[in-house]
Amino acid sequence: MNAEIMLSYLADLSANNEREWYNAHKKEYQAATEQFECLVQELIYAIGAFDASVLHNVPKELTFKLVRDTRFSRDKSPYNPSFRAHISSMGKLPVPVGYFVMIKPNGGSFLGGGLFADMFTNATAMVRDYIAAHSDEWKDILNDSEFKKYFTVKGTALKNVPAGYDKDHPQAEYLKNKSWYLEYFVTDEEVLGADFVQKSAAVFRAMKPFNDFLNCALKGFKMPTR
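This is the structure in structure tokens:
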């Protein structure tokens, strides 16, 4: 895996974010995409050492397109200059939650996990209910030294504990959340490092109990049909 090819292409795309440039540099895009898929395959193997549920995945089926949906955005740039993939037991769907990697130049790269999407009200309710019923387990996961080494829980949240939940619950702050996710940012130098996959695997291993908790909460969740 050659990370320099990925970062170089994405930096050029960021500086030339227009369809004409993109179409004129298809070979560079293909070369960079190939390297990202190599990275995803290496991550699948590394994660598989402690979470065998991801080993069946095919890298190209886990990646997201560079093309942006600009219909409701003030930013009309046609491309998102980043390579992204979600590695889980069920591929790149947001549920079950898994291991997210984004490669973006100039410090924008990160390793993530948890439930990023807050538009699934059923999923939000399921996680809230599970946190409310398993307060000590949630607390133990968040207070684990290896977890705290890398993460703090992020997510969109309400101002107050929603109706139906105890406002004095020990985990009241997390019951306000509509999403619960983790982000561990990495520098370009780290991405370029020979041990990037190994370091990423260590971060993802520390993340696994958090993901496991959410996936227990989300057991039986069905993705909305269009």
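Here the numbering used here is used: the first residue of the sequence shown is 1, the next is one more, and so on.
Note that beta-carbon positions come from the ideal geometry of N, C-alpha and C, so glycine has one too.
Point to revise | Rounded separation between alanine 163 and arginine 128 - CA only | key: Taking the first residue of the sequence shown as 1, we reach residue 163 at position 163. Taking the first residue of the sequence shown as 1, we reach residue 128 at position 128. For alanine 163 and arginine 128, the distance between alpha carbons rounds to 12 Å.
**Study point:** Cβ neighbour criterion (16 or more within 10 Å) applied to glutamate 96
**Key:** Counted from its first residue, the sequence shown places residue 96 at position 96. Here the sequence assigns proline to residue 96, which means glutamate is not the residue at that position. Proline 96 is buried by the Cβ-count criterion.
Review point. What first and last residue would you give for the beta strand (DSSP E) that runs through phenylalanine 110?
Key: In the sequence shown, counting from the first residue as 1, residue 110 sits at position 110. Looking at the DSSP string, the run of the beta strand (DSSP E) that includes phenylalanine 110 is 109–115.
Review point. So, helix, strand or coil for valine 101, using DSSP?
Key: By 1-based counting over the sequence shown, the position of residue 101 is 101. Three-state DSSP puts valine 101 in a strand.
Check your understanding: For asparagine 177, which three-state DSSP category applies?
Key -> One-based indexing of the sequence shown puts residue 177 at position 177. Residue state, collapsed to three classes: strand.
Review point. Can you round the beta-carbon distance between asparagine 17 and proline 78 to whole angstroms, since I take them to be within the 8 Å contact cut?
Key: By one-based count along the sequence shown, residue 17 stands at place 17. By one-based count along the sequence shown, residue 78 stands at place 78. With 8 Å as the limit, asparagine 17 and proline 78 qualify as a contact, their Cβ atoms being about 7 Å apart.
Practice item. Can you give me the Cβ contacts of asparagine 80 inside the same chain, cut-off strictly under 7 Å, excluding the 5 residues immediately before and after it? Key: Counting from 1 along the sequence shown, the entry for residue 80 is found at position 80. If we look at asparagine 80 and ignore the five residues flanking it on each side, its Cβ neighbours are Leu66 and Arg68.
**Study point:** glycine 220, buried or exposed, once every other Cβ within 10 Å from all chains shown has been counted against 16
**Key:** Residue 220 sits at position 220 when you count from the first residue of the sequence shown. With fewer than 16 other Cβ atoms within 10 Å, it is exposed.
Review point. Roughly how many angstroms separate the alpha carbons of aspartate 144 and alanine 24, rounded to a whole number?
Key: The count along the sequence shown starts at 1 and reaches residue 144 at position 144. The count along the sequence shown starts at 1 and reaches residue 24 at position 24. Roughly 49 Å between the two C-alpha positions.
Check your understanding: With respect to the beta strand (DSSP E) encompassing alanine 85, which residues constitute its N-terminal and C-terminal limits?
Key -> Position 85 of the sequence shown, counting from 1, holds the residue named residue 85. Looking at the DSSP string, the run of the beta strand (DSSP E) that includes alanine 85 is 83–87.
Check your understanding: If serine 200 sits next to leucine 115, beta carbons under 8 Å apart, how far is it from one beta carbon to the other, in whole angstroms?
Key -> Position 200 of the sequence shown, counted from the first residue, corresponds to residue 200. Position 115 of the sequence shown, counted from the first residue, corresponds to residue 115. Not really, about 20 Å apart at Cβ, beyond 8 Å.
Practice item. Report back the beta-carbon spacing between valine 40 and glycine 98 to the nearest angstrom; my notes put them in contact at under 8 Å. Key: As a first step, residue 40 is located in the sequence shown; it is residue number 40 there, counting from the start. As a first step, residue 98 is located in the sequence shown; it is residue number 98 there, counting from the start. Their Cβ separation, rounded to whole angstroms, is 12 Å, which puts valine 40 and glycine 98 out of contact at 8 Å.
Exercise for review: Pick out whichever of Lys27, Lys222, Asp75 and Pro170 has its Cα sitting closest to the Cα of tryptophan 138.
Suggested key: Walking along the sequence shown from the start, residue 138 turns up at place 138. Among Lys27, Lys222, Asp75 and Pro170, the Cα nearest to that of tryptophan 138 is on Pro170.
Exercise for review: Out of Asn160, Pro59, Phe72 and Gln35, point me to the one whose CA is closest to isoleucine 87's CA.
Suggested key: As a first step, residue 87 must be located in the sequence shown, where it is residue number 87. Out of Asn160, Pro59, Phe72 and Gln35, Pro59 has the C-alpha closest to the C-alpha of isoleucine 87.
Review point. Can you give the Cα-Cα distance for alanine 125 and proline 224, rounded to whole angstroms?
Key: As a working mapping, residue 125 is identified with position 125 in the sequence shown. As a working mapping, residue 224 is identified with position 224 in the sequence shown. Rounded to whole angstroms, alanine 125 to proline 224 spans 15 Å at the Cα level.
Practice item. Tell me whether glutamate 183 sits in a helix, a strand or coil according to DSSP, three-state version. Key: As a first step, residue 183 is located in the sequence shown; it is residue number 183 there, counting from the start. In the structure shown, glutamate 183 sits in a strand (DSSP, three-state: E or B).
Check your understanding: Considering only residues of the same chain and omitting the five flanking positions on each side of tyrosine 9, which have a CB-CB separation below 6 Å?
Key -> As a working note, residue 9 is residue 9 in the sequence shown. Answer for tyrosine 9: Glu28 and Ala32, listed in chain order.
Review point. Among residues of its own chain, excluding the 5 on either side of aspartate 51, which ones have a beta-carbon nearer than 7 Å to its beta-carbon?
Key: Taking the first residue of the sequence shown as 1, we reach residue 51 at position 51. Excluding sequence neighbours, aspartate 51 sits near Lys208.
Review point. How about phenylalanine 151 and tyrosine 184: are their beta carbons less than 8 Å apart?
Key: Against the sequence shown, residue 151 aligns to sequence position 151. Against the sequence shown, residue 184 aligns to sequence position 184. A contact, by the Cβ cut-off of 8 Å.
Practice item. Give the DSSP-derived three-state secondary structure of alanine 157 in the structure shown. Key: The residue you call residue 157 lines up with position 157 of the sequence shown. It is a strand residue.
Practice item. Would you list, in sequence order, the uninterrupted beta strand (DSSP E) runs of no fewer than 3 residues that lie entirely inside the segment 10–64? Key: none
Check your understanding: Three-state secondary structure (DSSP) at tyrosine 130?
Key -> Stepping through the sequence shown from its first residue, residue 130 is reached at position 130. Three-state DSSP puts tyrosine 130 in a helix.
Review point. So what's valine 67 in DSSP terms, helix, strand or just coil?
Key: On the sequence shown, residue 67 is found 67 positions in, with the first residue counted as 1. It is a strand residue.
**Study point:** DSSP-derived helix/strand/coil call for tyrosine 150
**Key:** On the sequence shown, position 150 is the one that residue 150 refers to. Helix.
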